[in-house]
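Colleague: Okay, handing you the structure first.
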Amino acid sequence: MKNEQYKTKNKSYFSNIRHEIVEVIGSRKNVDILEVGGGIGNTLLYLKKAGIASTIHLYDIVDIVEDKKEFDSIEIGDIESKEFPKNKYDVIIFADVLEHIIDPYKVINKAKGALKKGGIIACSIPNIRHFSALYKIFIIGSFKYKDSGLFDKTHLRFFCKSDMEALFDSENDLTVESITSCNKFRKSKASLLDRVTFGVFTQFLSMQYILVVKKEPFDVKQ
């Protein structure tokens, strides 16, 4: 069973507040937010406390939320079999989730129906073009999968930056508003090197990208 793989992970895997996701959601206030793969829900709780979210909804494959009364709804299950409600959310978050899905194209197609017109999908996706992947492939000759990170053993899909854009470009009523290297949000040797080289090597220095994808506020004719 797919969910058994996640039950063995350390609790810290599910507990980080994704501040880069909070930042790209921006100046929105009092919006309805769904997080898919929200773990114990710390990012949603932060968004609620900050006044960005008026309602918070969590969907995950494992049931590890301790204080469920803090959430407006919690649903446990496999996202690939979920039927989304229509026009319910202003923001849907996929933070390091789409790479764990067999068919992310199908999930995005279903999820967009749950967005209100003008709503956004905010997501983070690992970048397989990172230099560490190239080193492992061409020098070591082995991925050596781990419990988390770029080579998480539960990853089913791999994306370069152009693949991330293509994932959403396949939907004619979704527009990628921004795709930003994680280095913009972090202080590290990689982010420093990225800045001093004026972004020339960004695609090799970015462990992941943060995307904001907008649902057009009008009906697009087929």
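Numbering-wise (this note's numbering), the sequence shown opens with residue 1025 and increments by one.
Each residue gets a CB set at the ideal place from its N, CA and C atoms; glycine is no exception.
As the structure is a prediction and not an experimental result, all values here were calculated from the model.
1) Give me the DSSP bridge partner(s) of Val1055.
2) For the alpha helix (DSSP H) containing Lys1186, list its first residue and its last residue.
3) What are the boundary residues of the beta strand (DSSP E) that Phe1118 is part of?
4) In or out: Ile1116 buried (at least 16 other Cβ within 10 Å) or exposed?
5) Going along the chain, which residues of its own chain have a beta-carbon closer than 7 Å to the beta-carbon of Met1188, five neighbours each way excluded?
6) Output the boundary residues of the beta strand (DSSP E) element that contains Ala1146.
7) Only counting the same chain, and skipping five residues up and downstream in sequence, which positions put a Cβ closer than 6 Å to that of Val1121?
8) May I have the straight-line CA-CA distance separating Asp1146 from Val1237, to the nearest angstrom?
9) Can you check whether the CB of Phe1192 is closer than 9 Å to the CB of Ile1152?
10) Just to confirm my understanding: we take Phe1175, look at its own chain, exclude 5 residues before and 5 after, and list those with CB closer than 6 Å. What are they?
11) Where does Val1046 sit, in a helix, a strand or coil, going by DSSP?
Modeller: So, from the listed chains and residues:
1) Ala1077
2) The question names Lys, yet the displayed sequence has Ser at residue 1186. Here the alpha helix (DSSP H) through Ser1186 covers Lys1185 to Asp1193.
3) Tyr1113 to Ala1119
4) Ile1116 is buried by the Cβ-count criterion.
5) Ile1149, Ile1203, Tyr1233 and Leu1235
6) Leu1139 to Pro1150
7) If we look at Val1121 and ignore the five residues flanking it on each side, its Cβ neighbours are Val1060 and Gly1061.
8) Residue identity check: residue 1146 is Ala in the sequence provided, not Asp. When rounded, the distance between both Cα atoms is 6 Å.
9) no
10) Phe1167 and Tyr1169
11) Of the three classes helix, strand and coil, the one that applies to Val1046 here is helix, per DSSP.
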